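Everything below concerns the one structure shown next.
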Amino acid sequence: MKISICGSLLLLLASTNALDKIIIKGSKFFNSNSKDQFFIKGLAYQPEKNEPDPANQDPLADPVACKRDTPIFKDLGVNTIRVYQTDSSKNHDECMKILSDAGIYVFLDIATSNKAINRYTPYWDTALFSDFRAKVDAFVKYDNVIGFIAGNEVANDKNTTPSAAFVKAAIRDVKKYLATNNHNYPVGYASNDDPDIRDSLRDYFNCGDSSVQADFYGVNLYSWCGPDATLSSSGYDKVVTEYQNYSIPVVLSEYGCNSVRPRVFGETTALYSSDMTSVFSGGFMYMYSQEPNDYGIVDVSYGVSSLTKLADYDNFKKALTSVSPKGISMNSYSPSSNPSTCPPVTDTWRVSSPALPPTPSSDTCACMLSSLSCIINSSSSTGISPADATNLTNNLCGSGSGKADCSDVQYDTSTGKYGAFQFCDANSRYAYIISNSNSCSSSNLPLTQQTPKISGTSSCTNKKNDVGSVSNNSNSSSSSSSSSNSNNTKNSSTTQNLPNISPSVVCLYVFLIVLISIF
Numbered sequence: 001m002k003i004s005i006c007g008s009l010l011l012l013l014a015s016t017n018a019l020d021k022i023i024i025k026g027s028k029f030f031n032s033n034s035k036d037q038f039f040i041k042g043l044a045y046q047p048e049k050n051e052p053d054p055a056n057q058d059p060l061a062d063p064v065a066c067k068r069d070t071p072i073f074k075d076l077g078v079n080t081i082r083v084y085q086t087d088s089s090k091n092h093d094e095c096m097k098i099l100s101d102a103g104i105y106v107f108l109d110i111a112t113s114n115k116a117i118n119r120y121t122p123y124w125d126t127a128l129f130s131d132f133r134a135k136v137d138a139f140v141k142y143d144n145v146i147g148f149i150a151g152n153e154v155a156n157d158k159n160t161t162p163s164a165a166f167v168k169a170a171i172r173d174v175k176k177y178l179a180t181n182n183h184n185y186p187v188g189y190a191s192n193d194d195p196d197i198r199d200s201l202r203d204y205f206n207c208g209d210s211s212v213q214a215d216f217y218g219v220n221l222y223s224w225c226g227p228d229a230t231l232s233s234s235g236y237d238k239v240v241t242e243y244q245n246y247s248i249p250v251v252l253s254e255y256g257c258n259s260v261r262p263r264v265f266g267e268t269t270a271l272y273s274s275d276m277t278s279v280f281s282g283g284f285m286y287m288y289s290q291e292p293n294d295y296g297i298v299d300v301s302y303g304v305s306s307l308t309k310l311a312d313y314d315n316f317k318k319a320l321t322s323v324s325p326k327g328i329s330m331n332s333y334s335p336s337s338n339p340s341t342c343p344p345v346t347d348t349w350r351v352s353s354p355a356l357p358p359t360p361s362s363d364t365c366a367c368m369l370s371s372l373s374c375i376i377n378s379s380s381s382t383g384i385s386p387a388d389a390t391n392l393t394n395n396l397c398g399s400g401s402g403k404a405d406c407s408d409v410q411y412d413t414s415t416g417k418y419g420a421f422q423f424c425d426a427n428s429r430y431a432y433i434i435s436n437s438n439s440c441s442s443s444n445l446p447l448t449q450q451t452p453k454i455s456g457t458s459s460c461t462n463k464k465n466d467v468g469s470v471s472n473n474s475n476s477s478s479s480s481s482s483s484s485n486s487n488n489t490k491n492s493s494t495t496q497n498l499p500n501i502s503p504s505v506v507c508l509y510v511f512l513i514v515l516i517s518i519f
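Residues in the sequence shown are numbered from 1 upward in steps of one, following UniProt numbering.
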């Protein structure tokens with residue numbers, strides 16, 4: 001009973017010190033505790049200057065910067081930041097606590113510059129799904145995470161629309177992975193404003209059943225330029241109309257035209273006015289730090305505690321701190337909108353619905369590899385280059401004489417056909433092509449010949465998918481790892497030599513320490 005009381009007290013303290021969770025009902029965000037509608041007063045946050053690891057950028061692994069910038073967020077009136085690139089292998093505890101203690105929420109892009117769905121040659125494969133799971137695992141333990149963004153402007157013109165199918169598959173699988181692990185976080189998408197495809201994108205990510213829909217939708221919009229722009233001249237009024245009946249929350253995932261300087265941020269005032277708040281849930285001004293693209297409002301460097309405020313700083317502060325958006329209580333809100341109708345295949349939209357790429361399965365790919373006569377040399381650090389891969393596919397795949405049937409590792413989004421092994425990683429796909437074209441001995445690529453362990457691949461297609469796979473992320477706070485660590489501690493000689501202290505005394509001691517830390 002004493003242990004139970006102790007646990008209850010500590011849980012009470014933890015909940016007292018935690019930020020209220022932000023949840024979705026219908027097309028709006030709400031504070032789960034107060035039930036008030038939540039509007040994102042956001043800022044895009046990705047300082048890059050003097051980043052020591054440019055290939056794996058991570059501003060949330062720089063506590064010096066987090067201590068420097070968090071008071072600035074508060075001064076600006078910001079309540080949420082969007083962080084584009086983070087490294088799941090790094091530790092984020094200190095930064096996330098600094099932000100949480102200040103009441104700052106976070107949206108995280110899951111993809112990075114080198115771990116993302118390629119808009120030109122898109123795949124949603126086992127390697128990328130593993131990377132996405134690791135990213136999610138690294139951040140679900142923090143109370144100030146609102147949600148995850150699975151892609152940013154991936155399909156950005158009529159020639160890259162096939163990539164949307166793979167982003168939607170990623171959303172589906174990350175949502176399923178979160179649910180399987182009892183985590184409740186929304187997963188969404190941030191779109192560009194290309195006139196040829198924006199309507200199709202809007203409808204595509206909100207069509208189908210809830211398991212495949214985006215949970216929220218972002219629009220990167222830069223049409224409000226200069227001090228004389230208005231809701232009408234900027235086209236913002238038309239955007240509001242377009243999303244009037246959207247069934248999931250919509251935000252401006254980026255805004256802040258810089259073609260006219262200084263920026264006065266009239267769109268910030270409009271975004272939180274009654275002209276837009278019935279449809280939009282706020283947005284993220286682009287951006288915090290000054291980079292080569294010249295959108296910053298401060299100049300900062302990695303690991304440096306000082307900063308310089310730039311010309312647009314005070315203008316953005318004035319605009320954001322002057323707004324007070326009026327929302328609706330969650331208890332008074334009854335959603336009435338329905339999901340969108342999936343867009344048809346056209347000359348500018350080459351994705352058939354409702355078909356989606358299947359969920360990646362490492363077991364299926366391992367089975368397929370065991371049927372091959374040669375595989376990509378695992379000791380090769382680079383594998384097959386993109387140029388070699390293109391030549392390989394063009395030279396070996398097809399229906400003519402001497403060509404191999406590569407349909408199992410290929411796809412056609414316009415017909416909704418996806419090969420049984422197209423979700424295997426690149427080296428596995430190309431090994432399949434080479435083996436099935438009997439080119440193992442004639443290729444100059446980094447190959448290893450092997451004796452097939454199985455005949456054919458008919459037994460490979462019913463393996464379990466990777467949704468239930470355990471994360472390899474050492475920074476994940478899973479209950480299983482916590483349990484394992486506890487067992488190791490109990491068996492250590494240090495623990496065995498501790499005096500026999502009453503659990504109630506330990507409880508009281510810990511309780512007082514936590515209480516003092518709070519007050």
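Glycine is no exception: its CB is placed at the ideal position from the N, C-alpha and C atoms.
Quick caveat: nothing in here was measured; it's all calculated off a predicted structure.
Nearest to residue i (by Cα), restricted to the options the options
i           : options               : result
residue 335 : 29, 18, 21 and 356    : 29
residue 425 : 360, 414 and 411      : 360
residue 164 : 414, 422, 447 and 31  : 414
residue 344 : 161, 108 and 148      : 161
residue 267 : 261, 288, 56 and 230  : 230
residue 269 : 258, 285, 259 and 262 : 285
residue 41  : 190, 73 and 263       : 73
residue 452 : 427, 432, 465 and 291 : 432
residue 274 : 391, 324 and 371      : 324
residue 153 : 460, 217 and 92       : 217
residue 171 : 407, 373, 406 and 187 : 187
residue 191 : 374, 150 and 178      : 150
residue 110 : 80, 138, 125 and 103  : 138
residue 388 : 69, 66, 427 and 410   : 427
residue 159 : 347, 235, 373 and 333 : 347
residue 548 : 437, 195 and 440      : Residue 548 falls outside the range modelled here, since the chain spans only 1 to 519, and no answer is possible.
Distance CB(residue i)-CB(residue j) smaller than 8 Å
i           : j           : result
residue 341 : residue 237 : no
residue 528 : residue 128 : The first residue shown for the chain is 1 and the last is 519, placing residue 528 beyond what the model contains.
residue 174 : residue 140 : no
residue 123 : residue 422 : yes
residue 219 : residue 193 : yes
residue 463 : residue 75  : no
residue 147 : residue 337 : no
residue 279 : residue 298 : no
residue 241 : residue 466 : no
residue 272 : residue 39  : yes
residue 167 : residue 117 : yes
Buried versus exposed, by CB contacts within 10 Å (16 or more), residue i
i           : result
residue 206 : buried
residue 456 : exposed
residue 400 : exposed
residue 479 : With a pLDDT of 35 at residue 479, under the threshold of 50, the modelled position of that residue is not reliable, and the figure given next carries that caveat. Exposed, since its Cβ has fewer than 16 Cβ neighbours within 10 Å.
residue 17  : exposed
residue 46  : buried
residue 119 : buried
residue 37  : buried
residue 493 : With a pLDDT of only 33 at residue 493, under 50, the local geometry of the prediction cannot be trusted, and the value read off the model is given with reservation. By the neighbour-count rule (16 or more Cβ atoms within 10 Å), residue 493 is not buried but exposed.
residue 484 : With a pLDDT of 33 at residue 484, under the threshold of 50, the predicted position of this residue should be treated as unreliable, and no value is reported.
residue 289 : buried
residue 259 : exposed
residue 314 : exposed
residue 409 : buried
residue 282 : buried
residue 402 : exposed
residue 121 : exposed
residue 133 : buried
residue 80  : buried
residue 277 : buried
Residues of its chain near residue i, where Cβ-Cβ distance is below 7 Å and the 5 sequence neighbours each way are ignored
i           : result
residue 377 : 446, 447 and 448
residue 181 : none
residue 51  : 57 and 302
Residues of its chain near residue i, where Cβ-Cβ distance is below 6 Å and the 5 sequence neighbours each way are ignored
i           : result
residue 321 : 77
residue 48  : 291
residue 349 : 161, 200 and 343
residue 84  : 46 and 109
residue 497 : For residue 497, the predicted model reports a pLDDT of 37, less than 50, meaning its position is unreliable; a value from the coordinates is still stated below. Nothing meets the Cβ criterion.
residue 436 : 404
Proximal residues to residue i (C-beta, below 8 Å), its chain only, five neighbours per side dropped
i           : result
residue 100 : 18, 19, 142, 143 and 144
residue 102 : 70, 71, 73 and 74
The region 201-211 contacting the region 286-306, beta-carbon criterion three pairs below 8 Å: no
Taking 8 Å as the cut-off, does the region 351-368 touch the region 403-419 (at least 3 CB pairs, one atom from each stretch)? yes
Report yes or no: do three or more beta-carbon pairs, one from the region 244-256 and one from the region 216-230, lie closer than 8 Å? yes
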